[in-house]
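Numbering follows our numbering, in which position 326 of the sequence shown is assigned residue number 396; successive positions increment by one, without gaps.
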Amino acid sequence: MKIQAAKVIVTCPGRNFVTLKIVTDQGVHGIGDATLNGRELSVVSYLEDHVIPCLIGRDPRQIEDIWQYLYRGAYWRRGPVTMSAIAAVDTALWDIKAKMANMPLYDLLGGKSREGVMVYGHANGGDLEETIDAVGHYIEMGYKAIRAQSGVPGIKDAYGVGRGKLFYEPADASLPSETVWDTPKYLRFVPKLFETLRDTYGFDHHLLHDAHHRLTPIEAGRLGKDLEPYRLFWLEDTTPAENQESFKLIRQHTTTPLAVGEIFNTIWDCKDLIQNQLIDYIRTTVVRAGGITHLRRIADLAAIYQVRTGSHGATDLSPVTMGAALHFDSWVPNFGIQEYMRHTEETDAVFPHAYRFEDGFLFPGDTIGHGVDIDEKLAEKYPYKRAYLPVARLEDGTMWNW
Ligand code: GCO
Ligand code: MG
């Protein structure tokens with residue numbers, strides 16, 4: 071059996087997606103997501119110019135060998151561009167293998183460990199009242215877990231505040247838009263937000279919050295401590311994770327559970343935080359961290375330390391990643407939660423998929439493979455549109471972390 075052809079499909083049904091399609095000489099095909107938000111075309115080139123020529127003629131059944139070949143063989147290891155490209159190949163090959171085995175991917179991985187995958191949705195509003203209402207709306211839709219982000223008095227564009235009831239899409243400008251950030255105002259406001267949420271809705275739902283890398287370690291410690299009475303499911307990305315030592319400081323000050331890892335690419339990025347028990351949830355997902363093959367290694371390491379998974383699932387992870395992640399989540403023993411930011415109808419139409427939402431859970435469906443495909447004809451109708459994530463500055467103009 072041989073890989074006969076592979077191609078990259080770029081489409082923009084409301085936002086950009088990069089998809090790799092691999093076809094075997096027996097007519098089976100598999101697809102993988104290669105979308106890297108704001109830097110999409112670098113992965114297109116990596117795949118077309120450097121990976122696809124090495125794939126043609128290889129045996130698609132040798133997923134592990136192909137993974138090692140692409141990882142070790144590049145000499146230049148890790149990084150988001152390389153690892154997204156490897157992930158796309160790996161996801162497509164698992165899709166092919168599961169189709170050949172006539173099984174849904176979760177069966178090939180070891181079978182289901184649970185019936186449904188608990189997801190959290192994104193509730194956000196321009197101010198406290200709007201955010202309280204937005205959380206109520208998610209509760210009505212059946213969500214068991216809800217992330218709350220809100221506009222902050224005195225901050226013009228706080229992180230995570232969307233433009234519609236169900237959709238939030240930050241990469242929406244052809245050059246990065248500039249936002250202004252003020253940590254003291256944010257730190258004063260957030261505990262009030264969660265206090266009001268608990269007063270309004272009680273403690274029956276899981277609440278989550280994302281600080282999006284904005285804080286210093288000691289500020290993160292203080293926020294975690296201030297939020298303790300409201301029993302968050304997790305507090306995410308409080309501080310940039312390049313210097314992982316800083317998480318020791320955060321941990322000394324708070325028992326609020328911590329989640330990190332959506333921008334990590336390999337097990338090496340996760341290892342110290344996991345082994346030192348400095349986090350509670352690891353957020354790596356299929357496309358960002360080398361596909362199913364590598365994500366499984368991260369999850370197994372995490373399991374030893376009772377760290378659970380909480381895969382990234384923003385709209386920049388295509389339905390292909392969502393489908394593959396749901397099969398992974400259905401199997402992985404140390405599953406925690408799955409992020410679920412809904413895609414638009416346009417996106418869903420380009421990527422027909424077997425997964426469905428019901429009563430706070432996503433179900434991967436029983437289709438063989440990972441259950442997601444691409445409608446190439448429809449994809450052609452939406453040409454690539456350059457789009458960037460915003461940047462953030464402090465009030466005096468200093469560059470900050472968006
Ligand atoms: C999240 C994230 C995202 C990112 C986005 C960047 O927790 O969902 O922080 O919304 O900002 O994925 O491309
Ligand atoms: Mg996040």
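We treat Cβ as the ideally placed atom computed from N, Cα and C, and that holds for glycine.
Remember, predicted model here, so these are calculated numbers, not experimental data.
For residue j and residue i, believed in contact at Cβ under 8 Å, the rounded distance
i, j, result
"residue 288", "residue 251", "With 8 Å as the limit, residue 288 and residue 251 do not qualify as a contact, their Cβ atoms being about 17 Å apart."
"residue 130", "residue 92", "7 Å"
"residue 417", "residue 434", "Residue 417 to residue 434, Cβ: 18 Å. No contact."
"residue 309", "residue 285", "5 Å"
"residue 109", "residue 241", "Incorrect: roughly 10 Å between the Cβ atoms, too far for contact."
"residue 391", "residue 137", "About 17 Å; that fails the 8 Å criterion."
"residue 300", "residue 265", "6 Å"
C-alpha distance - residue i paired with residue j, whole-angstrom precision
i, j, result
"residue 230", "residue 107", "16 Å"
"residue 74", "residue 297", "54 Å"
"residue 395", "residue 355", "7 Å"
"residue 181", "residue 253", "45 Å"
"residue 332", "residue 164", "22 Å"
"residue 415", "residue 322", "45 Å"
"residue 454", "residue 461", "22 Å"
"residue 367", "residue 223", "43 Å"
"residue 470", "residue 382", "22 Å"
"residue 239", "residue 123", "34 Å"
"residue 335", "residue 428", "31 Å"
"residue 246", "residue 456", "10 Å"
"residue 386", "residue 269", "33 Å"
Residues near residue i by beta carbon distance below 7 Å, same chain, minus five either side
i, result
"residue 431", "186, 187, 188, 189"
"residue 263", "198, 201, 218, 220"
"residue 384", "409, 411"
"residue 504", "No statement about residue 504 is possible, as the shown extent of the chain runs from 71 to 472 and does not include it."
Run of the beta strand (DSSP E) containing residue i, from where it starts to where it stops
i, result
"residue 408", "405–409"
"residue 80", "73–81"
Of the listed residues the options, nearest to residue i (C-alpha basis)
i, options, result
"residue 342", "363, 357, 318, 364", "318"
"residue 178", "443, 402, 425", "402"
"residue 89", "427, 449, 326", "449"
"residue 360", "96, 85, 150", "150"
"residue 291", "274, 267, 320, 246", "320"
"residue 315", "295, 339, 273", "339"
"residue 440", "94, 102, 206, 147", "102"
"residue 399", "325, 365, 99", "365"
"residue 465", "228, 422, 300, 100", "228"
Run of the alpha helix (DSSP H) containing residue i, from where it starts to where it stops
i, result
"residue 138", "133–143"
"residue 381", "Element bounds for residue 381: not the alpha helix (DSSP H) but the beta strand (DSSP E), 378–381."
"residue 146", "Per DSSP, residue 146 belongs to no alpha helix (DSSP H) and is neither H nor E."
"residue 364", "361–374"
"residue 220", "Counting along the chain, residue 220 falls outside any alpha helix (DSSP H), though it belongs to the beta strand (DSSP E) covering 215–220."
"residue 175", "175–179"
"residue 278", "Unbroken run through residue 278 is the beta strand (DSSP E), 276–280; no alpha helix (DSSP H)."
"residue 210", "198–210"
8 Å Cβ shell around residue i - same chain, five flanking residues per side excluded
i, result
"residue 327", "302, 303, 304, 305, 350, 351"
"residue 104", "78, 88, 89, 90, 113, 114, 117, 154, 155, 157, 158, 357"
"residue 419", "83, 445, 448"
Contacting residues, own chain, Cβ-Cβ under 6 Å from residue i (five flanking each side not counted)
i, result
"residue 472", "460, 461, 462"
"residue 192", "217, 238, 411"
"residue 375", "344, 347"
"residue 474", "The question about residue 474 has no answer, for the chain in this structure spans 71 to 472."
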